[in-house]
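A quick write-up on the structure given underneath.
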Amino acid sequence: MSYFVTTEQANQVLSKLLETYDVYAPKRFPKQGRFSDTDIIRYAKVEKVDDIVYDEKSDFPAKEVINPIQQAIFYFTEDEFRASKGHTRPILLFARPCDINAQKVQARIFMDNGGYQDLYYARMRELINFVLMECPGGDDTCFCCSMGTNKTDNYVMAVRFGEDGLKVEVKDDKFAPYFEGAAADDFTPKFVEENQTKVTVPEIPDKDVLLALKNHPMWREFDKRCVSCGACTIACSTCTCFTTRDIVYGQNPEVGERHRIAASCQIDGFSDIAGGFGYRKTAGDRMRYKVLHKFHDYKVRFGEDMCVGCGRCTSRCPAYIPITATVGKMAAAAEEIKKEQGK
Amino acid sequence: MMNNPVMPIPCEILKITHESDLEWNFRVKTDVKPAPGQFMQLSIPMVGEAPISVCGAGDGYLEFLIRSVGKVTNVIFEKKPGDTLFLRGPYGKGWPVEELKDKHVVVITGGTGLAPVRMMLDKLYEEPDYCKSVHLISGFKNEEGIVFHDDLAKWEAGSFETIYALDRDEKEGWRTGLVTTFVKEIPWKEFDGNYAVVVVGPPPMMKFTGLELVKNGVEEEKIWMSFERKMSCAVGKCGHCRIDEVYVCLDGPVFNYTKAKYLVD
Ligand SMILES: Cc1cc2nc3c(=O)[nH]c(=O)nc-3n(C[C@H](O)[C@H](O)[C@H](O)COP(=O)(O)OP(=O)(O)OC[C@H]3O[C@@H](n4cnc5c(N)ncnc54)[C@H](O)[C@@H]3O)c2cc1C
Ligand code: SF4
Ligand code: SF4
Ligand code: FES
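Residue numbers (the working numbering), protein chains in the order written: chain A, 1068 to 1410; chain B, 19 to 283.
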C-alpha cells in the first residue's frame, strides 16, 4: 500500500514512529567538511523530516549505524569479561539501495564466514528496519549499475522525497497503522538504471593470472600517489576490518573496556607480525590488496563482488584516486596478462 | 542471549617451564580439546590478545610455548602459577593427522616452529605404528634458541630419525647449517611415494624449504605448512589474516603446499 503525505503529516508520522523506533538517516553537519565552508553529511539520529538529506549522497555510509568506527565489545575486571550492552530500541535506517546492499556484503563476513556469527553485528542487525530512500540519480562517482547493486527489495518502507511532501510505499504491514487517514497513492520506488560512470570488472580465470596481476607494474603508480591515509576504507560502504584494543579507565587500572576499532588495510602495519615480518610494505601493494579484495577475492569466497559502487572512496580520497579508473587499469592489465599466458 | 565466539574464559596457570630465556612453556588448566596444529587466543585484560599454538595437551590442561616479543606476551611472562590467563578457542584447521596414517612422515621445523607440531609429534611417538617412519629435522638459530630439550632427547632416543642443527654454531651431536641443507639427506627414494612432509618455521624458512623440497623431487600435494599472520579476531571477521580469498584463521593455519605457494601477500 502506498501513500502521499505532506511534510507536516510526515513529521507527525515520524514523531509517532519515534515512540518505538530510533530513526537514523543522513544528516547535514554544517562546516565540518574537508574543505573550508563545506558541510559533511553523515548518519545520525533524526527527529524531523527536514533533517534528512535526501538529494545528496551522504559522505559516509549507513554502515556506521550498524558497525560503528569504534565500540566497546567487553567490559572487564581482572577476573572477568562481560559482553557490552547493545542497543535495545528497534531502528529505522534510511538508506539508498547501495547502502542496503552493502549490508548483504557485510553480513556474509559478520554472520557467516567460517561458521562464526558475530554477536555485535548480529544483535544490531536484528534491530534494523531499512527505509529505502529512492535514489534521485547519485553523482559522477557512482557505478552501482555496473555492480548490480542499484536495486533492492530489502526494505520495510520506501520513500520518495518531494517539495510538498513524501510518497511512501509501506511494504511491511506493521507500519500501515502509522499512515491511517493518509491519501492513497500508486507509488513504487524507481531505481537508477544507468550511471554516468561505468566499470568493467576484470575476469581473472586462475591463480597464475592472479599472481601475474599482483606483480604487474601498474600498482607502482600508487607507491607515490596514495598517501596511505585510510580515508577510502573508512568511507567505504562495505569495508569490515577492525582491530581490538583494551582501554583502561584512568582512575581505576583494574577495570576497563575491550574495544573494536575500524582498521584499514591501506595503512602500514595492518599485517605486521612478530620478528619484524610484515607484508605489503608499499602503498601500491596495499592498493592492490584492497582493489583485488573488492573486485575479485571476496567474490571467489562468497560468490558476489564486495564493492557496491557507491563511489565514496573516490570522493574522500585526498590524492584524487578514483576507484573506477584503478579498476579499469586492472582490467586492462588482466587482459594483457591473459594474452601473454594464452588464456 | 546469542553465543559470543570471542568471549575470553578465565583459566588458571598450573606450571611454567623456562625452555629458553625468551621462550617459556605455560601449562594452563582447561578442558578444551584442540586438534594438533590448532591455536587459541590468549588474553590479558587491559593489555590485549595474542594467537598462540597449542603445543601440548593432557588431562585437563593445555600447553603453550610463548615467546616474549611485545605487549601481551611480556605481561604473560610476569604471571605465576595460580594466576589467571584468559583463553578462547580452539581455532583454525590443524595438521592433516589422518593423511599421515601408514605413511613415511617428514617434519621440518625452524626455531619455535617446533611448538605447533609438538602435539602431533607426541602422538606419533606414543603410537609408533600410526605411520611407517618419522624423520625430524629441527633447526635453531643458536644454542640459546633451543626449546623442548627433553622432547628432542626423547624423540632422538626413540623411534624417530632425527637431524638437529644450529644455523652457524657447533654443538656436540648436532649438525651445523640451515635446515634446507639437510633435505637431501632424507631417503626420499625409499619412501616409494608413500610420504607426507610437514614444514613450520619463520616465513623465509618455510619459503626456502618448500623450494628445496620441490627441487628434491618431493610432490607438492604431499607438503603441508603452517602459516603465521597477524590476527585480531581468529573467527574470520577482522580481516587482518586474509590473503586473497583465504582467511588464515579459518582455512589455516595449516595449508597444503599446492595452496600455500599461491598465498602471496
Ligand atoms: C596461528 C598463530 C600461531 C602462533 N603461535 C605462537 C606460539 O605458539 N608461540 C608464540 O610465542 N607466538 C605464536 N604466534 C605469534 C604471536 O601471536 C605473536 O608473537 C603475538 O601476538 C605478539 O603479541 P604481543 O602483544 O606480545 O606483541 P605486540 O606488542 O603486539 O607486537 C610485537 C610484535 O608482534 C607483532 N604481532 C602483533 N600481533 C600479532 C599477531 N596476532 N600475530 C603475529 N604477530 C603479531 C607485532 O606486529 C610486533 O612486530 C602465533 C601466531 C599465529 C598467527
Ligand atoms: S570500494 Fe569504493 S565504490 Fe566500492 S563500496 Fe567501497 S567506497 Fe563504495
Ligand atoms: S587511496 Fe586515497 S583515500 Fe585511500 S589510502 Fe590512498 S590516499 Fe588515502
Ligand atoms: S584473524 Fe580476524 S579474520 Fe582472521
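Quick reminder that beta carbons are idealized off the backbone N, C-alpha and C, glycines included.
- When the five nearest sequence neighbours on each side are left out, the beta carbons in the same chain lying within less than 8 Å of the beta carbon of R1109/A are those of P1093, K1094, F1096, S1125, D1126, F1127 and E1131, in order along the chain.
- Taking a C-beta cut-off of 7 Å against chain A, none of the residues of the segment 152-184 of chain B qualify.
- According to the DSSP assignment, W173/B belongs to the alpha helix (DSSP H) that extends over H167 to A175.
- Close to chain A, meaning a Cβ-Cβ distance shorter than 9 Å, are the following residues of the segment 23-38 of chain B: P23, V24, M25, P26, I27 and P28.
- Shown here, P1284/A sits in a helix according to DSSP, grouped into three states.
- Your pair R1325/A and F1141/A checks out as a contact, with CB atoms roughly 4 Å apart and the cut at 8 Å.
- At a beta-carbon threshold of 9 Å, the residues of chain B lying near E1145/A are P63, M64 and T102, ordered along the chain.
- Within the segment 196-230 of chain B, contact with chain A at the beta-carbon level (separation under 7 Å) is assigned to P220 and P221.
- Taking a C-beta cut-off of 8 Å against chain B, the contacting residues of the segment 1271-1290 of chain A are K1274, L1277, L1278 and K1281, listed in chain order.
- Residue contact check for N1180/A against chain B: a CB pair falls below 7 Å.
- Each of A1302/A, C1303/A, S1304/A, T1305/A, K1361/A, C1374/A, V1375/A, G1376/A, C1377/A, G1378/A, R1379/A, C1380/A and I1390/A has a C-beta closer than 6 Å to some heavy atom of ligand 2; these make up the full list, in chain order.
- Here F1369/A is near R1175/A, since their CB atoms are less than 7 Å apart.
- Cβ-Cβ distances below 7 Å link C1306/A to T1300 in the same chain, with the five nearest sequence neighbours on each side left out; the list follows chain order.
- A straight-line Cα-Cα distance of about 20 Å links H36/B and G219/B.
- Of the other Cβ atoms in all chains shown, 16 or more fall within 10 Å of the Cβ of T1393/A; this residue is therefore buried.
- Not a single heavy atom of ligand 3 lies less than 6 Å from the C-beta of I1136/A.
- Of the candidates A1129/A, N1180/A and E1147/A, A1129/A places its Cα closest to the Cα of Q1170/A.
- By alpha-carbon distance to S244/B, the top candidate from V46/B, N22/B, L231/B and V272/B is V272/B.
- Distances taken from the Cβ of R85/B to the heavy atoms of ligand 1 include one shorter than 6 Å.
- Those residues that bring their Cβ nearer than 7 Å to a heavy atom of ligand 4 are M249/B, S250/B, C251/B, A252/B, V253/B, G254/B, K255/B, C256/B, G257/B, H258/B, C259/B, R260/B, Y265/B, V266/B, C267/B and L268/B.
- The closest heavy atom of ligand 3 lies 6 Å or more from the beta carbon of I1107/A.
- Judged by DSSP in its simplified three-state form, Y1316/A adopts coil rather than helix or strand.
- Relative to ligand 1, the beta carbon of I1195/A is positioned no closer than 6 Å to any heavy atom.
- Scanning the segment 166-249 of chain B for uninterrupted beta strand (DSSP E) segments of 3 residues or longer gives 179-184, 213-218 and 241-244, listed from N- to C-terminal end.
- For the pair K1410/A and G254/B, the Cα-to-Cα distance works out to about 33 Å.
- Along the segment 76-108 of chain B, the alpha helix (DSSP H) occurs as fully enclosed runs of 4 or more residues at 89-94, listed in sequence order.
- Residues are counted here when their Cβ sits less than 7 Å from a Cβ of chain B; for the segment 1347-1361 of chain A these are R1347, given in chain order.
- Each residue's CA atom was taken as its position, placing F158/B and D185/B some 6 Å apart.
- For F1369/A, the enclosing alpha helix (DSSP H) stretches over residues Y1365 to F1369.
- By the neighbour-count criterion, in which 16 or more other beta carbons inside 10 Å mark a residue as buried, S177/B falls on the exposed side.
- The DSSP-derived three-state label of A1330/A is coil.
- Runs of the alpha helix (DSSP H) spanning 4 or more residues and lying entirely within the segment 1220-1246 of chain A do not occur at all.
- Of the heavy atoms belonging to ligand 3, none sits nearer than 6 Å to the Cβ of Q1099/A.
- In the three-state scheme derived from DSSP, where H, G and I count as helix and E and B as strand, T1310/A is classed as strand.
- If you draw a straight line from the Cα of K47/B to the Cα of M64/B, it is about 22 Å long.
- The three-state secondary structure of K47/B, taken from DSSP, is strand.
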